[in-house]
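Input: a single structure, listed below in structure tokens.
2 protein chains.
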Amino acid sequence: MKIINIMVGGPASEIPDLRQYTSAEISWIGVDRGAKRLLDHGIVPTVAMGDFDSLSKEELAHLKTKVADVREFPAEKDETDTEIGLSWAMEQNPDKIRIFGATGGRLDHLLANLMMLTKPRFLNAVPVVEMIDRYNYIKMYTPGSYTIEKLPDKKYVAFTTMKDVTGLTLKGFAYPLENATYPVGSALSSNEFVEKKGEFSFKSGMILLTQSND
Amino acid sequence: MKIINIMVGGPASEIPDLRQYTSAEISWIGVDRGAKRLLDHGIVPTVAMGDFDSLSKEELAHLKTKVADVREFPAEKDETDTEIGLSWAMEQNPDKIRIFGATGGRLDHLLANLMMLTKPRFLNAVPVVEMIDRYNYIKMYTPGSYTIEKLPDKKYVAFTTMKDVTGLTLKGFAYPLENATYPVGSALSSNEFVEKKGEFSFKSGMILLTQSND
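As structure tokens, this is what we get:
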């Protein structure tokens, strides 16, 4: 299984313990300040990319001595830093992409990161991308039927509609649903798994699933 | 000016310095764990409400000795804790409602809090509600023309569409717009004020405005 982890520049306080997500065959991308953060964690990314305007000249020079492939982009660009990292990662055809550092701090960054996967050009990325922080595991879904496992360290599960959703059925959760319809922007929060697995399906739209701790 | 501040139960790490938001004529509502947090900050709320399942029996008993009006709601309910607090606050006809503790930690709570104001029954609340955390000032807008001031401690401004938006014009920002159209879920992030004030207007839809620090 080919896994690429991306670290973007959100606050350090939201980053989970990275050791469980690191192994010899997993490659890391550091985006902007996320590249420095990886070095701070003792992880040398395969590629560092971004406008690096959040780093000092000295920090950027140090980054270049450590990372073989550093790609600088202009600060004024149409893509967000996360989108640039995700585009590069998708070109490597991975089975899974985990994004860290996408939450906390600036809310406009968080919203842009969450909404990125609703863009048509990232449709192929939806099935492989997870976002992970200290409190949340986040995954986006397109229409279909899914069986998901409860993460052992998470208590709550929530379904947020990122587009108008029809035919939503939830089984194996404390609050089940049968063929329900919800407009975009509905936050079905604070649900819980009844057993270790749950099933959900929907006919149209897009769903952001979160498993969270308090 | 009648101001009501609501503290909900998000993580303490996201709460800004509350002293600048506190004065004799401002009343506080503590929702669930937010009620305990207010006491921890030396603030006695006028009302405490929630299911209080995040408090121990001892903490709830202590709360009742300090707060004159404690309202307990069942844990299984259709409204979120924040919605219960907001409904009560709206009944007092305030000029402004500030919500603290609505961000950080559980992402499903944050999304539910942001999307709350898109619900028709909270339409009257949109002009008076602000959400504030350590990094972000958040306000929702219905169609119209607005002049907004740069907050002195914030660098970035962003416009996120909570419904399909038409006729969006931005003046006085680094990235201006003229009569633009964006579908729901567009995150126009990382804009900046050129001067101390900026103007924006739109014809239909709903916009979430954030002013943020890194």
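Residue numbers (my numbering), protein chains in the order written: chain A, 1 to 214; chain B, 1001 to 1214. Note that beta-carbon positions come from the ideal geometry of N, C-alpha and C, so glycine has one too.
Collapsed DSSP secondary structure at residue i in the structure displayed
i                 : result
Ile99 (chain A)   : strand
Arg71 (chain A)   : strand
Glu1058 (chain B) : helix
Ile1029 (chain B) : strand
Thr65 (chain A)   : helix
Asn124 (chain A)  : helix
Ala12 (chain A)   : helix
Ala1187 (chain B) : strand
Tyr1135 (chain B) : coil
Ala1024 (chain B) : coil
Asp1040 (chain B) : helix
Gly85 (chain A)   : helix
Gly34 (chain A)   : helix
Start-to-end residues for the beta strand (DSSP E) that takes in residue i
i                 : result
Ala48 (chain A)   : 47-50
Asp1164 (chain B) : 1156-1171
Leu1209 (chain B) : 1204-1212
Glu79 (chain A)   : Taken as a continuous stretch (DSSP letters only), Glu79 (chain A) belongs to no beta strand (DSSP E), as it is neither H nor E.
DSSP bridge partner residues for residue i (one or two, in chain order)
i                 : result
Phe193 (chain A)  : A:Phe173
Glu149 (chain A)  : A:Lys197
Tyr1141 (chain B) : B:Ile1207
Val1129 (chain B) : B:Ile1097
Ala180 (chain A)  : A:Leu168
Integer-rounded CB distance, given that residue j should sit under 8 Å from residue i
i                 : j                 : result
Met206 (chain A)  : Met140 (chain A)  : 7 Å
Thr1046 (chain B) : Asp1069 (chain B) : 7 Å
Ala1187 (chain B) : Asp108 (chain A)  : 6 Å
Asn1005 (chain B) : Arg1098 (chain B) : 5 Å
Gln1092 (chain B) : Leu1151 (chain B) : Rounded, the Cβ-Cβ distance is 26 Å, inconsistent with contact.
Met90 (chain A)   : Ala125 (chain A)  : 6 Å
Thr1118 (chain B) : Gly185 (chain A)  : 5 Å
Lys96 (chain A)   : Met1 (chain A)    : 7 Å
Glu14 (chain A)   : Arg134 (chain A)  : 5 Å
Ile3 (chain A)    : Pro94 (chain A)   : 6 Å
Ala24 (chain A)   : Asp53 (chain A)   : So it is not a contact: roughly 33 Å between Cβ atoms.
Met162 (chain A)  : Leu209 (chain A)  : That pair is no contact at about 10 Å.
First through last residue of the alpha helix (DSSP H) which encompasses residue i
i                 : result
Ile1004 (chain B) : Ile1004 (chain B) -> not in any alpha helix (DSSP H); beta strand (DSSP E) instead, spanning 1003-1007.
Asn1113 (chain B) : 1107-1116
Proximity test, residue i beta-carbon vs the ligand MG heavy atom, cut-off 8 Å
i              : result
Ile4 (chain A) : Ligands in the displayed structure: none, and consequently the ligand MG is not present.
- At least 3 beta-carbon pairs within less than 8 Å: the stretch 1099-1106 of chain B vs the stretch 1041-1053 of chain B: no
- Inspect the CB distances between the stretch 1083-1095 of chain B and the stretch 83-102 of chain A and report whether three or more fall short of 8 Å. no
- Item | Touching by the beta-carbon criterion (3+ pairs, under 8 Å), the stretch 142-157 of chain A and the stretch 1160-1175 of chain B | no
- At a cut of 8 Å, does the stretch 1176-1196 of chain B reach the stretch 1159-1166 of chain B through at least three beta carbon pairs? Verdict: yes, contact present.
- Message: Assess contact between the stretch 1192-1205 of chain B and the stretch 1150-1165 of chain B, defined as three or more Cβ pairs (one per stretch) separated by less than 8 Å. Is contact present?
- Response: yes
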